[in-house]
Amino acid sequence: MNKYNGWFILLILLLSAGCQNGGGGGETADQLVKDGWTAYASKSYRAAANDFNQAISMNGSLTDAYNGAGWSYAQLSVLDTSVIKFTAGRAHDSTVTEINAGLGIVDNALKSYAQSIQSAGSVLQKNPAWTFSRDNSVNWCDLQVLLAEDFYALSMYDSSLTHVKTLNASFTADVSTFAGQKLLSQEIELLRAMYGS
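In the working numbering, the protein residues as written are 520 to 716.
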C-alpha cells in the first residue's frame, strides 16, 4: 500500500511540473513570435498581438516580439499601444528598420509629424529600397509618401516636393505659391491612393 502511495505522489509531482512548464503544449517565446507572425500574415491581428505579448512576458529581450506587437496594434488602430511596443523594441535595438518604419507610419497617423520624419527617414537612409519582410506591399514608396505628407503638414513644402518627385519625377509645382502648394497637396493624395499604407 505504501509503495502505491509513493508512485501516486511521484505521478502527481510529474504532472504538476508538466503543468507549470506549459505541459506538452507549452510554447517557447521564440515559437510564440513565429505563431504571432503566422497570425499576422493571415490578418488575425488580435491573435498576433496576443502571441507577441505572451512572448514578451516570457522573454522581454526579444526585439522581434515588440516589433510584431507594434505592427499588430497598428493594424488594429490601437495606435498609442503600438507606439509603446515599437518604442520598447527600439530600446532593445534602435537599428531595426521595421520598428522605425512602423513608428514612422503610426506617428504620421497620430499627427506627430516630426517624429514620423525622424523614424521613416532613418529607414530610407539605411535602405532606400526598404520592404517590410512580413508584408511586401508595405515598402519604401509608402515611406516616401509618408514623408511628403509629414513635411507638407509642417509647411516644409520644398522637402515635401523632394519626396513626391522620388515617386513622380515629372511632377512640378511652384511650392512658394498657394496654387503650387495646393497642387502638391493633390499630388500627395494621389500618391497616397497609389502607394499609401
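For glycine and all other residues, C-beta sits at the position ideal for the given N, C-alpha and C.
Cα separation between residue i and residue j?
{"i": "I636", "j": "M675", "result": "12 Å"}
{"i": "M713", "j": "G545", "result": "44 Å"}
{"i": "A588", "j": "V664", "result": "24 Å"}
{"i": "N572", "j": "N658", "result": "25 Å"}
{"i": "D554", "j": "W590", "result": "14 Å"}
{"i": "T681", "j": "A692", "result": "11 Å"}
{"i": "L666", "j": "I707", "result": "10 Å"}
{"i": "A698", "j": "S679", "result": "15 Å"}
{"i": "K604", "j": "L709", "result": "31 Å"}
{"i": "K562", "j": "T696", "result": "44 Å"}
{"i": "M577", "j": "Q634", "result": "30 Å"}
{"i": "Q705", "j": "D669", "result": "14 Å"}
{"i": "T606", "j": "A688", "result": "34 Å"}
{"i": "T614", "j": "S652", "result": "15 Å"}
{"i": "A566", "j": "T600", "result": "15 Å"}
{"i": "T547", "j": "H611", "result": "20 Å"}
{"i": "G579", "j": "A560", "result": "23 Å"}
Near residue i, which residues of its chain fall below 6 Å by C-beta distance, leaving aside the five closest residues on each side in sequence?
{"i": "D583", "result": "V552"}
{"i": "A672", "result": "Y632"}
{"i": "G608", "result": "T582, Y585, N586, I618"}
Since I believe residue j is in contact with residue i (beta carbons under 8 Å), could you give me their beta-carbon distance rounded to a whole number of angstroms?
{"i": "D662", "j": "L643", "result": "Reading off the sequence, residue 662 comes out as Leu, not Asp. Right, their Cβ atoms sit about 6 Å apart."}
{"i": "L686", "j": "V694", "result": "Between V694 and L686 the Cβ distance is about 16 Å, and since that is not below 8 Å, they are no contact."}
Looking at residue i: is its Cβ nearer than 8 Å to the Cβ of residue j?
{"i": "A558", "j": "D570", "result": "yes"}
{"i": "I575", "j": "Y564", "result": "no"}
{"i": "S638", "j": "D626", "result": "yes"}
{"i": "I618", "j": "A593", "result": "no"}
{"i": "A568", "j": "L595", "result": "yes"}
{"i": "L622", "j": "V602", "result": "yes"}
Can you find the residues in the same chain that come closer than 7 Å, C-beta to C-beta, to residue i, ignoring five residues on each side of it along the sequence?
{"i": "Q700", "result": "Y676, V694"}
{"i": "T616", "result": "V642, K645, N646, W649"}
{"i": "K684", "result": "F690"}
{"i": "L598", "result": "V625, A628, L629"}
{"i": "C660", "result": "L686, Y714"}
{"i": "N655", "result": "none"}
{"i": "A536", "result": "Caution applies to A536, whose pLDDT of 39 falls short of 50 and renders its modelled position unreliable; the value that the coordinates give is listed next. Same-chain partners within the cutoff: there are none."}
Hey, does residue i have any beta-carbon neighbour from chain B nearer than 8 Å?
{"i": "G623", "result": "The chain labelled as chain B is not found in the depicted structure, where only one protein chain is given."}
Here's a check: name, in chain order, each residue in its chain whose Cβ is nearer than 8 Å to the Cβ of residue i, leaving out the five neighbours to either side.
{"i": "R711", "result": "V664, E668"}
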